[in-house]
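Going down the list, the sequences are from chains W and X.
Going by this note's numbering, the first residue of the first sequence is number 590, and it counts up by one from there.
Going by this note's numbering, the first residue of the second sequence is number 590, and it counts up by one from there.
Number of protein chains: 2
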Amino acid sequence: MDSLLSNLKITVPEKLYVKDPESSDLGKRIVQHSILLIDEIGFDGFTFKKLGTKIGSNESSVYRYFESKHNLLLYLSSWYWAWIEYQLVFETHSLNPNEKLEKAIEIVTRTIKEDSKFSHVNEVILNKIMIKENSKSFLTNQVDQENKDGYFIIYKRIVHRLRDMIKAINPKYIYPSSLASTILEGSLHQHFLKAHFTTITDCNDKLTPTDFIKNLVLNTLKA
Amino acid sequence: MDSLLSNLKITVPEKLYVKDPESSDLGKRIVQHSILLIDEIGFDGFTFKKLGTKIGSNESSVYRYFESKHNLLLYLSSWYWAWIEYQLVFETHSLNPNEKLEKAIEIVTRTIKEDSKFSHVNEVILNKIMIKENSKSFLTNQVDQENKDGYFIIYKRIVHRLRDMIKAINPKYIYPSSLASTILEGSLHQHFLKAHFTTITDCNDKLTPTDFIKNLVLNTLKA
DNA sequence: TCTATTATAATAGTATTACTTTTATATTTG
DNA sequence: CAAATATAAAAGTAATACTATTATAATAGA
């Protein structure tokens, strides 16, 4: 698995960057350290200037790779979901419908615990960022234009894959897309609550968001 | 109902404002027009200066009511959930457990279609704002401190009310809090998708987020 | 090897933001 | 009517989110 992924280049929509950050050392350091810095100080406090200082480079150089910090977040988000999608496709490949959906839920809802080390991207921390910052990538006034421009295509493709798995199990269920999108957002939200609002979630280290979502989805489709 | 609410003052945590906006004409205009302006240009584009211009007042005067635009959002969010909570309590008052949860889901997930006109707050537009901006009130680096300070108490109380209703129906279900929090966030999210990402939701004007969530919750508790 | 191209860094500058402070002028209250 | 309070106006500040210009370094092609 790891070796398979190590040979794959994660592909994100080209419009998300000015210059492909994978194409140079500086670009990779920008991505690598933006993940660490956003985790440290939050996306709202994050600036290209601070990032420049951190990587011993200049603010203006960062702008040669990303048009804005918002686009950098969109890039990180797309990268994350593309990485999840690869796992989704490979790890569920030969399973029957029930096993497949269950495995898929595990993949998209689990806490990432190991940095796969095949790249400059620390997936453990990127996962943390997604829990806290992902919704900021689409809760904007530009969402419709950016959606038209294909900025969210990978995320939507994952929802569609989940939707199809749901349909395969219960073709009569009339909310397959809504259930699929709830799996993704609901999971991120439960992870957030587990970290910051423990009184309004049952999730903890023993009873995970994965357990909750699995129970929710499988019972819903059974009924 | 309407007349009942018209006599009630919505109470939000005092720390959220510097001076109670309900205590003066200017305060009310600040709240009233901040709702309209945030809806118009989004919370990110919203500034006290623009608001001042809009209400024929000054930026510095707005600061006498709210410490920051973030606190204003927290205020609006608390106001909204307090308003929802009143409806929740009154409208489900005398119902049996099953009817009660069903009615509660309707109340917290429905699209607000009528401005009740009992105040300076336009609930239809405030509901729209909550769909797009509510998560920004807690997805910050200050969330733990603000949570400690009681800024999210009303929201959490609603989740607890829903949790108790869930428990009353199925005491064996082990995720009552997570399900309750999913009702609230999941509903807002489906409303957002319905408006901006129609390909990853089944919700539309005929099949509403309420229908989806009801189906999800009731099937889950039945199983 | 020289030259041209490209990448990066440094510097400065801009409009705006999210405030704070000070002062002036209304308005309300005792 | 004076004192207190509320509001408005103006100016200032540090930081943000960029853009533009120029200088320097690295690399690649003839």
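By construction, the Cβ of each residue, glycine as well, lies at the ideal position given by its N, Cα and C atoms.
Close beta carbons around L782/X, own chain, < 8 Å, minus the five adjacent residues each side: I789, T790, C792
Contact under 9 Å by Cβ, L805/W with Y740/X: no
As assigned by DSSP and simplified to three states, the class of D628/W: helix
Segments assigned beta strand (DSSP E), at least 3 residues, entirely inside the segment 726-779 of chain W: none
Minimum Cβ-Cβ distance from D633/X to chain W less than 9 Å: yes
Chain-order list of residues whose beta-carbon lies under 7 Å from that of E656/X (same chain, five-residue window excluded): V607
Cβ distance (whole Å) where F786/X is taken to contact N687/W below 8 Å: At roughly 28 Å, the Cβ-Cβ gap does not stay under 8 Å, so F786/X and N687/W are not in contact.
Y669/X vs E611/X beta-carbon contact at 9 Å: no
Classification of P798/W by the beta-carbon crowding that lies within 10 angstroms, buried from 16 upward: buried
Separation of S705/W from Q734/W, as counted between CA atoms: 34 Å
Sequence-distant residues of the same chain with beta carbon closer than 7 Å to K643/X, five excluded per side: H622, L626
Spatial distance of E680/X from N808/X (CA atoms): 23 Å
Alpha helix (DSSP H) runs contained entirely in the segment 672-723 of chain X, provided each spans 4 or more residues: 686-698, 712-722
Contact the segment 720-734 of chain W vs the segment 636-653 of chain W: 3+ CB pairs below 8 Å: no
Between the CA atoms of I802/X and T771/X - distance to the nearest angstrom: 9 Å
Simplified DSSP state of E611/W, which is helix, strand or coil: helix
Cβ of D704/X within 9 Å of any chain W Cβ: no
Integer Cβ distance of E774/X from H778/W, believed to fall under 8 Å: 5 Å
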